[in-house]
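Read through the structure below, which is laid out as structure tokens, and then see the notes.
Number of protein chains: 2
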Amino acid sequence: MSIKGNIIIGQSGGPTAVINSSLAGAIEASKAAGIKKIYGMHYGIEGFLHEDIIDLRQAVKDSDDISLLRRTPSAFLGSCRYKLPKIEGNEEVYEKIFSILEKYDIQYFLYNGGNDSMDTVKMLSDYAEMHNKPQKFMGIPKTIDNDLPVTDHCPGYGSAAKYIATSLKEIMVDNDCYGPYRTSVCIIEIMGRHAGWLTAAAALGDNKPDLIYLPEVSFDPDDFIKRIKELAKTKNAIVVAVSEGIKLEDGRFVCELGSSSDKLDAFGHKQLSGVGAYLAAKVSGETGIKARAIEFSTLQRCATHVVSLTDSDEAFNVGYLAAQKAFEGNTGCMITIKVTSRAPYLVTYDQFDIHEIANVERKVPLDWIINDGTYVSEEFIKYARPLIMGELEPYYSEGVPQHLSL
Amino acid sequence: MSIKGNIIIGQSGGPTAVINSSLAGAIEASKAAGIKKIYGMHYGIEGFLHEDIIDLRQAVKDSDDISLLRRTPSAFLGSCRYKLPKIEGNEEVYEKIFSILEKYDIQYFLYNGGNDSMDTVKMLSDYAEMHNKPQKFMGIPKTIDNDLPVTDHCPGYGSAAKYIATSLKEIMVDNDCYGPYRTSVCIIEIMGRHAGWLTAAAALGDNKPDLIYLPEVSFDPDDFIKRIKELAKTKNAIVVAVSEGIKLEDGRFVCELGSSSDKLDAFGHKQLSGVGAYLAAKVSGETGIKARAIEFSTLQRCATHVVSLTDSDEAFNVGYLAAQKAFEGNTGCMITIKVTSRAPYLVTYDQFDIHEIANVERKVPLDWIINDGTYVSEEFIKYARPLIMGELEPYYSEGVPQHLSL
């Protein structure tokens, strides 16, 4: 393995609670390999195009900084939602990128993100191949949505699932505190526009919600109300977990039903209420039962106060391995996780052609969705349980968790 | 101190993350005093009226159970929102309560709650005095709202404040991840209908929100928009913490503005959007800046995965002392916390006449609200900081926190 030149690492797309563990892994691998300059892209490829570059040996000095980095939410380097244009007809963008790479003698380019970010790795490695450029481009998987193909699961998912299972468990106990003296329905809206992995995590607590609706199967509002009425005959505190992306049989998002054109907000805009708020209003309106909605919102991806240690370690490893594989001369690949045994939980890592990964979405298998589309099976629990195991405890100071910042 | 008969403990009102620590304290004091039967009210005074009574020596067996109880959210015994009717004309309700007390030889009655629950303690101790009944009635303070008078602060507040400060800090870092490439406004809606203690906790992180609005002072929507526009000239990620209970100068709740009569939901009901959603729509509509709202919702009171150890210990102590004071023959009082020094943080406990406490609300001092009603002062920080210090770590099993249940 002969190392030439420098490395740069970028973070892209919506952050996860462990995206910075992958950065920590890539930094540690680069230090171990004796790379001279370890650069970070400030705000991903978008910032890189403005030559906004960070010296990571300065920004992350020692092992204390690495530990704190692993406990820092959001993208430490800053992120972006910038998608590279197709190569043909946009050569000037690529020429600019490669001229900056050459200017800083960057031979290794790691990009940490989801489907769109893997597309960036694909385009750059394709361009390098077309033009005989020596730089190596590797993808580091990341997404709370868990929708990247090939890899068994994505770093970021385990911690989001742990946050959801933990918070839902607490809300369910709270919700039940008035016992037989009050009947109520609580709708928990969970992220996931197309894939139901996050919503399925609602089944990971030891107290279970009554209904779980994923976007993989179509949602029947009338059947939903029928089930609520049936549940209310024997239960007082009914809890429903629902993906933000559930759709009707005709393909419309359920949340669109809550935003008919006659519902303009005070500023004349069509109001998009969430699916949770819509369903809570529907339950109250059609059953008379008190109902409310809770949205877990951004905390699903940034609550570093509840991080799965398994997830954090795997995130670190994929970052480390992406760098190592690049140093070995590999390019145009993403690191993948292969689970060789679920009990005991054992994994190996590999790399896979980025062309098979970029822009492909992986959904929850349909045979894991049971009870006429209202629950998830034991197969899902067996799949997801190991991913939420262990805790990376925050470092508290002055009563709040501490983070590393640039 | 001569102990006669048995004790009963009840939990009432909205739970807190440490209400069960107070229960643990009362149980431990009762065991230490050698009380034969330690009873719990199943669903507060409402369940008690149905003679729904729990044997707490069975339900909380040993020190392991006590440790787990302190890490359990919601009201372990179940709670209620039942307010006793006034004594005059409703003697039969009181006769029923005292007949049940006599049936179980209950001499000590502890009730853990906020303003309404202290009213229950007041009525029962008044009735006992009027009718020469021997039973002792003591109040244990509890409320995330921190609005009980006399006591320096209320158990439950510190943990809710720690959850808010922690989650807000994470959301703020997340919100800032696109840097100069995206301007956005994030409105965080925090509990507190009349008192701003919880919203003020938004100032406890080391990264601060830009604006903090409490219900103690009136809210000017035009000035708010002006400030947002001004902030947007120099900042990309603007964060505003707002109490659900902020009001206009004319006394109307700001959230009412988002629910004009022409905005009916799909079921013909007047739609009450939260103040956060309303303000986010207002910002988008009037400035063109992307804005969204996040509601911390129920997790503010039930997130036992972020508990202040200081708060949990104080909750335990007020529970313990309420029992001890009752055994000493005191009645018609609530335990209070007196802070004798804020640095180092030192407290003593006392008891105070329940008549001065029941139904009285304590708000944030007006001179702690600064910058024309858009921020809180350093005095607040000094007041609240010690209350969020220390962590009571959850016990995780199978990847999620474990709780004790009946």
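Heads up: the sequence lines are chains A and B, in that order.
Following numbering that gives the first Met the number 0, the numbering of the first sequence begins with 0 at its first residue and continues without gaps.
Following numbering that gives the first Met the number 0, the numbering of the second sequence begins with 0 at its first residue and continues without gaps.
By construction, the Cβ of each residue, glycine as well, lies at the ideal position given by its N, Cα and C atoms.
What three-state label does DSSP hand residue i in the structure shown?
i                      : result
residue 75 of chain A  : coil
residue 21 of chain A  : helix
residue 91 of chain B  : helix
residue 292 of chain A : strand
residue 48 of chain B  : coil
residue 176 of chain A : coil
residue 254 of chain B : helix
residue 226 of chain A : helix
residue 391 of chain B : coil
residue 261 of chain A : Its pLDDT being 46, under 50, residue 261 of chain A is placed unreliably in this model, and the value from its coordinates should be taken loosely. DSSP places residue 261 of chain A in coil when its eight states are reduced to three.
residue 398 of chain A : coil
residue 327 of chain B : coil
residue 300 of chain A : helix
residue 138 of chain A : strand
residue 242 of chain A : strand
residue 104 of chain A : coil
residue 150 of chain A : coil
residue 333 of chain A : strand
residue 307 of chain A : strand
residue 404 of chain A : coil
residue 375 of chain B : strand
residue 110 of chain A : strand
residue 277 of chain B : helix
residue 339 of chain B : strand
residue 40 of chain B  : strand
How close, in whole Å, do the beta carbons of residue i and residue j come, if the pair is a contact with beta carbons under 8 Å?
i                      : j                      : result
residue 177 of chain B : residue 77 of chain A  : 7 Å
residue 208 of chain B : residue 247 of chain B : Contact doesn't hold; Cβ gap of about 21 Å is too wide.
residue 334 of chain B : residue 139 of chain B : 6 Å
residue 2 of chain A   : residue 46 of chain A  : So it is not a contact: roughly 25 Å between Cβ atoms.
residue 184 of chain B : residue 237 of chain B : 5 Å
residue 21 of chain A  : residue 154 of chain A : 6 Å
residue 69 of chain A  : residue 23 of chain A  : 5 Å
Which chain B residues are close to residue i, counting only those with a beta carbon under 9 Å from its beta carbon?
i                      : result
residue 190 of chain A : None at all; the shortest Cβ gap to chain B is about 13 Å.
In chain B, which residues lie with their C-beta within 8 Å of the C-beta of residue i?
i                      : result
residue 45 of chain A  : 180
residue 168 of chain A : 399, 400, 402
residue 204 of chain A : 399
residue 302 of chain A : 166, 169
residue 197 of chain A : In chain order: nothing, as chain B lies at least about 15 Å away.
Of the choices the options, whose alpha-carbon is the least far from that of residue i?
i                      : options                    : result
residue 371 of chain A : A:250, A:62, A:256, A:226  : A:226
residue 146 of chain B : B:190, B:119, B:135, B:121 : B:190
residue 100 of chain A : A:157, A:175, A:6          : A:6
residue 40 of chain B  : B:34, B:222, B:109         : B:109
residue 349 of chain A : A:343, A:196, A:75, A:338  : A:338
residue 305 of chain B : A:187, A:400, A:231, A:193 : A:400
residue 83 of chain B  : B:37, B:121, B:364         : B:121
residue 344 of chain B : B:313, B:12, B:180, B:97   : B:313
residue 204 of chain B : B:379, B:282, B:127, B:354 : B:379
residue 53 of chain B  : B:26, B:73, B:72, B:63     : B:26
residue 125 of chain A : A:9, A:365, A:353, A:374   : A:353
residue 112 of chain B : B:92, B:95, B:144, B:105   : B:144
residue 402 of chain B : B:28, B:64, B:14           : B:64
List the residues of chain A whose Cβ lies closer than 7 Å to the Cβ of residue i, in chain order.
i                      : result
residue 59 of chain B  : Under the 7 Å cutoff, chain A gives no residues; its nearest Cβ is about 16 Å from residue 59 of chain B.
residue 152 of chain B : The premise fails here: residue 152 of chain B is roughly 14 Å from chain A at the closest Cβ pair, so nothing lies under 7 Å.
residue 14 of chain B  : 173, 176
residue 390 of chain B : 395
residue 110 of chain B : Ordered by position in chain A, no residue passes the 7 Å Cβ test against residue 110 of chain B, which lies about 15 Å from the chain.
Kindly list, in the order they appear in chain A, the residues whose Cβ is closer than 9 Å to that of residue i.
i                      : result
residue 39 of chain B  : Chain A residues near residue 39 of chain B: none, gap ~13 Å exceeds 9 Å.
residue 298 of chain B : 166, 169, 170, 173, 293, 295, 298
residue 226 of chain B : In chain order: nothing, as chain A lies at least about 18 Å away.
residue 11 of chain B  : Per Cβ cutoff of 9 Å: no residues; residue 11 of chain B is ~10 Å from chain A at best.
For residue i versus residue j, is the C-beta distance shorter than 8 Å?
i                      : j                      : result
residue 198 of chain A : residue 242 of chain A : yes
residue 368 of chain A : residue 149 of chain A : no
residue 220 of chain A : residue 244 of chain A : no
residue 394 of chain A : residue 55 of chain A  : no
residue 137 of chain A : residue 316 of chain A : no
residue 239 of chain B : residue 186 of chain B : yes
Which residues of chain A have a Cβ atom closer than 8 Å to the Cβ of residue i, listed in chain order?
i                      : result
residue 129 of chain B : Within 8 Å Cβ-Cβ: nothing; residue 129 of chain B doesn't reach chain A, min ~28 Å.
residue 161 of chain B : 398, 399
How would you list, in chain order, the residues of chain B whose beta-carbon sits under 7 Å from the beta-carbon of residue i?
i                      : result
residue 408 of chain A : The requested residue 408 of chain A is not part of the displayed model; chain A covers only 0 to 405.
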